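Here the structure comes first, spelled out in structure tokens, and everything after it is commentary.
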Amino acid sequence: MLELRLVQGSLLKKVLEATKDLVTDANFDCSATGFSLQAMDSSHVALVALLLRSEGFEHYRCDRNISMGMNLNNMSKMLKCAGNDDIITIKGDDGSDTVTFMFESPNQDKISDFEMKLMDIDSEHLGIPEAEYHAIVKMPSSEFQRICKDLSSIGDTVVISVTKEGVKFSTRGDIGTANIVCRQNKTVDKPEEATIIEMNEPVSLTFALRYLNSFTKATPLSESVTVSLSSELPVVVEYKIADMGYIRFYLAPKIED
Amino acid sequence: GSKQSTITKFFGKF
Numbered sequence: 426m427l428e429l430r431l432v433q434g435s436l437l438k439k440v441l442e443a444t445k446d447l448v449t450d451a452n453f454d455c456s457a458t459g460f461s462l463q464a465m466d467s468s469h470v471a472l473v474a475l476l477l478r479s480e481g482f483e484h485y486r487c488d489r490n491i492s493m494g495m496n497l498n499n500m501s502k503m504l505k506c507a508g509n510d511d512i513i514t515i516k517g518d519d520g521s522d523t524v525t526f527m528f529e530s531p532n533q534d535k536i537s538d539f540e541m542k543l544m545d546i547d548s549e550h551l552g553i554p555e556a557e558y559h560a561i562v563k564m565p566s567s568e569f570q571r572i573c574k575d576l577s578s579i580g581d582t583v584v585i586s587v588t589k590e591g592v593k594f595s596t597r598g599d600i601g602t603a604n605i606v607c608r609q610n611k612t613v614d615k616p617e618e619a620t621i622i623e624m625n626e627p628v629s630l631t632f633a634l635r636y637l638n639s640f641t642k643a644t645p646l647s648e649s650v651t652v653s654l655s656s657e658l659p660v661v662v663e664y665k666i667a668d669m670g671y672i673r674f675y676l677a678p679k680i681e682d
Numbered sequence: 009g010s011k012q013s014t015i016t017k018f019f020g021k022f
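These protein sequence lines are chains W and G, in that order.
First residue of the first sequence: 426, per my numbering; consecutive thereafter.
First residue of the second sequence: 9, per my numbering; consecutive thereafter.
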């Protein structure tokens, strides 16, 4: 028996919008810790890891660990039927091949339930090692989104370099080159508007912009984004989900032949 | 030129 009641149902809607274009099918794992997902894109270049902690739900009942295979496009279709202010409850029964999403309007005058077929997914769970990152950049998520979008109109890949000067995003394409440097800036009105650069040592890595642009679909989930870089490791692009957990995207770098 | 690496090159199967 599984019953998870999320008052801020819009969070789940946003999570689906952020993941459905990257991953087609995924297993959602439910345990005492929370509701989580780990999945790679079809080419195994990117990985998404989601955690919504049990404490973030108004009601969280999960009698035993359960893994539910879902087609994210179909799940998104169903969640789009929920209002932005709706409370969403996810219900499942042991051994059942369906999951139910229940939507309640804030004043309880409309209650809907959508039953979705589950699927068997053979997914490999990867062990993500704890890593010391050479540099961690925290910046407004809208700024990161803007940079990725702007650079992808010039080139296909971006070189992200962190030095004492700041973080530099560079690209080149047929029409020319582009460099955007963001310096640390803590003198802002709100903490989420700050750009904070923690650097242990300089680092420079190359990534496909197509994937980074896909990650920025998570921008509505958080005002700020954290980009963690280490040489020859996948970059981690993390959006914190207020009071609940996170969505992390890992992207394998492009490596010189 | 540069080559796209994969996640599985870095993270082992659980």
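Positions of the beta carbon are idealized from the N, C-alpha and C atoms, including for glycine.
Since the model is a prediction, treat every value here as computed from it, not as a measurement.
Closer than 9 Å to the CB of I561 (chain W) there is not a single CB belonging to chain G.
Across the set W:K563, W:V628 and W:P678, the C-alpha of W:K563 shows the shortest separation from the C-alpha of P616 (chain W). Contact check for V470 (chain W) and L676 (chain W): beta-carbon distance about 7 Å, within the 8 Å limit, so the pair qualifies. Judged by DSSP in its simplified three-state form, N532 (chain W) adopts coil rather than helix or strand.
DSSP lists W:S461 and W:S492 as the beta-bridge partner residues of D454 (chain W). Listed in chain order, the beta strand (DSSP E) elements of length 3 or more contained wholly in the region 590-620 of chain W are 591-598 and 601-607.
Q570 (chain W) carries a helical assignment under DSSP once its states are collapsed to helix, strand and coil.
With at least 16 other beta carbons inside 10 angstroms of its own, V661 (chain W) counts as buried. Contact of I553 (chain W) with chain G is assigned, a C-beta pair being separated by under 9 Å. Excluding its 5 nearest sequence neighbours in each direction, L543 (chain W) has C-beta neighbours in its own chain below 7 Å: M493, G494, M495, D522, T523 and V524, listed in chain order. Taking one beta carbon from each stretch, the region 472-489 of chain W and the region 426-444 of chain W have 3 or more pairs nearer than 8 Å; the two touch.
In the DSSP annotation of this structure, the continuous segment of the beta strand (DSSP E) that includes K665 (chain W) starts and ends at V660 to I666. In the three-state reduction of the DSSP assignment, K505 (chain W) falls in the coil class, being assigned neither a helical nor a strand state. When DSSP states are grouped into helix, strand and coil, M564 (chain W) belongs to the strand group.
Cβ-Cβ distances below 6 Å link S501 (chain W) to L441 and K445 in the same chain, with the five nearest sequence neighbours on each side left out; the list follows chain order. When the beta-carbon positions are compared, T582 (chain W) and S10 (chain G) come within less than 9 Å of each other. Chain-ordered listing is empty here: chain G has no CB closer than 9 Å to the CB of K593 (chain W), the nearest sitting near 18 Å. Annotation for S435 (chain W): the continuous alpha helix (DSSP H) segment containing it runs S435 to T444. For K679 (chain W), the neighbours in chain G by C-beta distance under 8 Å run, in chain order, S10, K11, Q12 and S13. At a cut-off of 9 Å, the C-beta of V470 (chain W) has a neighbouring C-beta in chain G. For the pair S655 (chain W) and E555 (chain W), the Cα-to-Cα distance works out to about 12 Å. I572 (chain W) and K516 (chain W) have their C-alpha atoms some 39 Å from each other. The way I'd put it, the region 573-593 of chain W does touch the region 629-644 of chain W; three or more beta-carbon pairs between them come closer than 8 Å.
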